[in-house]
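The structure appears below as structure tokens.
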Amino acid sequence: MLHDVETRSVSPVFVGRAGELTALTDALARAHAGEPQALLVGGEAGVGKTRLIEEFVDAACERGAFVALGGCVEIGADGLPFAPFSTALRSLSRRLPGELAAAAEGQEGELARLLPELGDVGSHDSSNEESTARLFELTARLLERLAADRTIVLVLEDLHWADASTRHLLAYLFRTLRRGRIVVVATYRADDIHRRHPLRPLLAELDRLRTIRRIELPRFTRAEVRRQLTGILAAEPDAALVDEIFDRSDGNAFFVEELVVSRESGCAPGSLTDSLRDLLLVRVEALPEDAQRIARIVAEGGSTVEYALLAAVARLSEDDLIEALRAAVGANILLAVPDGDSYRFRHSLVREAVSDDLLPGERSRLNRRYAEALEADPSLVRADERATRLATYWYHAHAPAQALPAVLRASVETRKRYAYAEQLRLLERAMELWDEAPAEVRDSLRPMDYADAYPSCGHDPETTPLSYLDLLAEAAYAARLCGERERALKIGKMALRLLEGEGEDDTDRDPLRAAWFWTERSRLVSGLGRSDGWAEIATAQELVKGLPPSGVHARILVVAAGWGMLHQPGPESLAAAERAVEYTRLVENEGMELSARLTLGTLQVSAGDREAGLATMYEVRDRTRALGLHHESARAHINLSHVLENLGRSQEAVDVAEDGIRLANDHGLLDSQGWVRANQAESQLSLGLWDEAQRNCEWLEQAGTRSKPRGSATLRLAQLAVARGELDVAERWLAAAREHFGDADPMPQYTVPTMQVELSLAAAAGRIQDVRTVLAAAAETGFPPGTHREGWPLLLAAATAEADALGLPAAAEGREESIALLRRCVRGLATPAPVWVAYSLHSSAELDRAEGRRPVELWAETVAAYEQVQRPYPLALARHRLADALLAEGGHREEAAALLRDAHGTAVRLRAHPLREDIELLAARARLSLTTPDSAPEPGPGGEAFGLTPREQDVLRLVAAGRTNRQIAEELFISPKTASVHVSNILAKLGVSGRGEAAALAHRLRLLEPAPQGA
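Residue 128 is where the sequence shown starts when you use our numbering, and the numbers rise one by one after that.
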């Protein structure tokens, strides 16, 4: 190895970049204070990104930070999965061995996928869709723990070469790092980011995150080029040289260096060709022949080439190799890598120029020699890189017989590391090589070695050769797991064409395999929002009908039962779940059986068999935890928290959800954490823990990965905004929820609450006809078994809207029909738990109020029902209405005052402004105190509480009766213009946006009625 070889051409003086360096050091200071920092540094090739990072790293080290650098590795046109993170973590492991081991404790098997030195890779569960998210979450937690009491600087260079898994992990860290003294800096070559470059979408996504600072390096000015030349030449350059170098380099720092070296070597800049490649190659071609040969070998070997591997490929004597390397390093063409026994080009532009200059036959020959050397001695490279590099070398050597098995082995290794995007790329390469590889090579391959997506059914995997359909199944599965759903659909479509007899070989027809692909297609079209996926499941069921028991058949039944649970809960779905349980037991697949039993238990609770269903669900939770089936155990927590809320046992639901969040955190199950947090937020809303629910929902909106949990979070935020009177905010959250849910895969648990928010917003705006339209749509769809939890709040909101609209002229048409429809729905909706009995009583009382009655007994019964369950907000609503009914009846002032004080306390605590407003106005009209029984009465009745003058109250009364400005003017003997001014003032004082909303508010608050009379 050569380290201290003299090099030249680099200026010892750091030129310019003061603002950019300040931005980096400021970020370091903020990180040292405990605020994680993320920065992107971009610029064209050669503009000086690496030099800026070197200066920043020196500054960070002087301030006591631990710096870990990792570069994205390019081998041919390929990147190694997670390469920069592996390198950076390896650096931290060397410098902080004990601390890193402590931070990774308990998760070594998972984190070994990034850093093999931590131990053996944990078991690979191909059915676990959260594997990648789990690895990402554990990586983020590892970095946060390391940075808890020391400053860590993580630098990832050459992001333009990053593999998809690296890009996804970086995006995850940028979004989720919230604690620790850590700075993450990533660099990329901006001029390489063309319209279709895979990094471009990531940059666009990161631009939307306000927590990320983006730094773009411009080219040097003429003055900066002069200072750079002064540093390189150790003397002040003359003006003519500065002009010439500046014109030729156009301010690119690397080109300045190359032009100076060419000049110093005796080649005047003016004599050089204008070709950029020739400029970069001129010094390489000036090297001795052996050194040129070494440069060509290193250029084809990848970003970095190990000395031992280079020696095996070069086939020079050790002395000749050392001399050749000395010449290349001395000319500043190659550099010895400080942290290892390897070499790389000083600048990637030179490597690319040398590689592009290779002849086609020369390129394939070099790759073959790399592959042969690596097969002869696998220890020449690190174990975590071996399979991918060997596959790449054989592929570029154009040797299908060797490349196909190597590519398949590499795909298995990437799958074990959860690098599904790289697995997909390798599998597509295998599909490309399939027909080119000799038949005897294909016949020697076995599914058990290379494929695990499709279960072995009907053949012995140890003796049956790997088929092209096995490759398609594995590729479709990998595409879905890495988020390439469109690609997965195309691969599945190709497989189904072969299976339906459109291929050349009729032996490809296989109903079991076709059913597997149809089931996969169901998940894809649902995930893409194309449909609900049932047609594809039904097709799969038809294909396996009458076939012997198999894992595929069992899986289809489990998927069908799960679909029924979400979309059509009822007797048929319950029977389907029972069949799924029986079949999974028949094929002796306990994992699928537990999944089916969880679905069955959920449906049993919905069907009314509560204790049996809950017992089954708790058994599944405990068994999955004992077996280490963390994904299914998390699903048990999701379903349990859901059904407990269905039963009105909200505190139990919160506790189960909290346990599920801990489980998800412990095992990095980010998707599962999203679902369980969404359930917990709903139960917290029920319990009056509104701020806690809001925090949960905001976390989900920011960090959630799946659209449905994020939709649920935004829907809860919309409900919360409505209850707090923030109608504009509620509209925005409702629009976000609709976008997250889409309209191709409707589920009652989302569609009904969405309609309830829409209905509540219409009611708040005085649009009673819109309220009725939404109600009619909900009633037409119906409320299937198990949807009472969603149905009762909607019916209550509609009944309240009708009651508040009593007396409004605009509400007269269709009023009787709407109330009759509501009564039918109230009679028909199930009340399987005390909380829903309370909702039923509440809805009936509001319907009586909508017909002009104030039934004290029914309101008292409603209050008593709510007092037996934990529902503070609806209890406060009912107490307010009971107080109103008591005051209207006459007498009962002390009882009414106590009810209003309790309700007011709840409204203040929850910041439920509309309810608080209603209570305060009723208390003011009745001259009741909301503080203590002996306090002075509240001021001003009716409209006076809003500052309305007597004339404005007269105008409001006519607005509420549906009069126009002209009609108001005629009745009050004023001009239409004066009437218009009064109406504008009224709208401003009431804080509403239109006449209909003003009329609705006046009726709801009874601003125009005389104050209640007490005995």
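Virtual Cβ for every residue (Gly too), placed ideally from N, Cα, C. Note that the structure is predicted; figures quoted are calculated from it, not measured.
Do you know offhand how far residue i's Cα is from residue j's?
{"i": "alanine 690", "j": "aspartate 597", "result": "Residue identity check: residue 690 is tryptophan in the sequence provided, not alanine. One C-alpha to the other measures close to 26 Å."}
{"i": "alanine 498", "j": "alanine 533", "result": "10 Å"}
{"i": "alanine 105", "j": "alanine 840", "result": "Only positions 128 to 1142 of the chain appear in the structure, and residue 105 is not among them; the question remains open."}
{"i": "arginine 682", "j": "leucine 754", "result": "20 Å"}
{"i": "leucine 655", "j": "arginine 612", "result": "7 Å"}
{"i": "glycine 787", "j": "valine 803", "result": "7 Å"}
{"i": "aspartate 637", "j": "valine 671", "result": "10 Å"}
{"i": "arginine 1052", "j": "proline 959", "result": "39 Å"}
{"i": "alanine 1024", "j": "alanine 1003", "result": "13 Å"}
{"i": "leucine 827", "j": "phenylalanine 373", "result": "52 Å"}
{"i": "proline 139", "j": "serine 218", "result": "27 Å"}
{"i": "alanine 687", "j": "arginine 706", "result": "10 Å"}
{"i": "glutamate 182", "j": "alanine 229", "result": "31 Å"}
{"i": "threonine 1091", "j": "leucine 1075", "result": "19 Å"}
{"i": "alanine 298", "j": "glutamate 819", "result": "27 Å"}
{"i": "aspartate 247", "j": "serine 258", "result": "16 Å"}
{"i": "glutamate 447", "j": "glutamate 512", "result": "This sequence places aspartate at residue 447; glutamate is not what is there. Distance between the alpha carbons of aspartate 447 and glutamate 512: 28 Å."}
Anyone know if the C-beta pair for residue i and residue j falls short of 8 Å?
{"i": "alanine 380", "j": "glycine 169", "result": "no"}
{"i": "valine 200", "j": "threonine 431", "result": "yes"}
{"i": "alanine 871", "j": "alanine 857", "result": "no"}
{"i": "leucine 166", "j": "arginine 340", "result": "yes"}
{"i": "isoleucine 279", "j": "alanine 192", "result": "yes"}
{"i": "serine 81", "j": "histidine 758", "result": "This structure does not reach residue 81, given that the chain is present from 128 up to 1142, and the question cannot be answered."}
{"i": "valine 142", "j": "glutamate 384", "result": "no"}
{"i": "alanine 704", "j": "leucine 730", "result": "yes"}
{"i": "alanine 905", "j": "leucine 888", "result": "no"}
{"i": "glycine 913", "j": "proline 696", "result": "yes"}
{"i": "leucine 408", "j": "alanine 455", "result": "no"}
{"i": "alanine 260", "j": "glycine 307", "result": "no"}
{"i": "proline 836", "j": "glycine 801", "result": "yes"}
{"i": "leucine 1057", "j": "arginine 1028", "result": "yes"}
{"i": "aspartate 484", "j": "alanine 451", "result": "no"}
{"i": "leucine 725", "j": "asparagine 766", "result": "yes"}
{"i": "alanine 426", "j": "serine 482", "result": "yes"}
{"i": "proline 880", "j": "glutamate 907", "result": "no"}
{"i": "aspartate 1000", "j": "alanine 850", "result": "The sequence given here places tyrosine at residue 1000; aspartate does not occur at that position. Cβ distance < 8 Å, so tyrosine 1000 and alanine 850 count as in contact."}
{"i": "histidine 1040", "j": "glycine 852", "result": "yes"}
{"i": "alanine 514", "j": "glutamate 555", "result": "no"}
{"i": "leucine 985", "j": "serine 967", "result": "no"}
Could you pull the DSSP bridge partners for residue i from this structure?
{"i": "alanine 195", "result": "Leu281"}
{"i": "arginine 340", "result": "Leu166"}
{"i": "alanine 463", "result": "Tyr470"}
{"i": "valine 708", "result": "Valine 708 pairs with nothing; no bridge assigned."}
{"i": "valine 70", "result": "This structure cannot settle anything about residue 70, because the visible part of the chain is limited to 128 through 1142."}
Within the 8 Å Cβ cut-off, does residue i reach chain B?
{"i": "glutamate 717", "result": "No chain B appears in the structure shown, which is made up of a single protein chain."}
Cβ of residue i within 7 Å of any heavy atom in the ligand MN?
{"i": "proline 345", "result": "Absence of the ligand MN is noted for the structure shown, with no ligands found whatsoever."}
| message | Quick test of the definition: if touching needs 3 or more C-beta pairs under 8 Å, does the segment 1029 to 1045 touch the segment 990 to 1008? | response | yes
Looking at C-beta atoms only, is the number of pairs between the segment 768 to 788 and the segment 806 to 815 that lie closer than 8 Å three or more? yes
- prompt: Between the segment 510 to 524 and the segment 458 to 465, do at least 3 Cβ pairs fall closer than 8 Å?
  reply: no
Ranges of the alpha helix (DSSP H) found wholly within the segment 600 to 685, counting only runs of at least 4:
612 to 624, 638 to 654 and 661 to 671
Secondary structure, alpha helix (DSSP H): runs of 4+ residues fully inside the segment 832 to 866: 834 to 850
ask   = Does the segment 208 to 219 come close enough to the segment 287 to 295 that 3 or more CB-CB pairs lie under 8 Å?
value = yes
message = Give the list of continuous beta strand (DSSP E) stretches no shorter than 3 residues that lie fully inside the segment 306 to 354.
response = 309 to 316 and 339 to 343
Should the segment 639 to 646 be regarded as contacting the segment 850 to 867, the criterion being three or more beta carbon pairs within less than 8 Å?
no
Is there contact here, the segment 924 to 937 with the segment 973 to 992, by at least three beta-carbon pairs under 8 Å? yes
Ranges of the alpha helix (DSSP H) found wholly within the segment 1095 to 1121, counting only runs of at least 4
For the segment 1095 to 1121, whole alpha helix (DSSP H) runs of length 4 or above, ordered along the chain, are 1103 to 1117.
Do the segment 537 to 554 and the segment 592 to 611 make contact, defined as three or more Cβ pairs closer than 8 Å?
yes
Problem - Inside the segment 720 to 759 only - alpha helix (DSSP H) runs reaching at least 4 residues - result: Annotation: the segment 720 to 759 contains the following complete segments of the alpha helix (DSSP H) (minimum length 4 residues), in chain order: 737 to 754.
Tell me the start and end of each unbroken alpha helix (DSSP H) in the segment 895 to 963 that is at least 4 residues and wholly inside, in chain order.
895 to 908, 915 to 931 and 942 to 955
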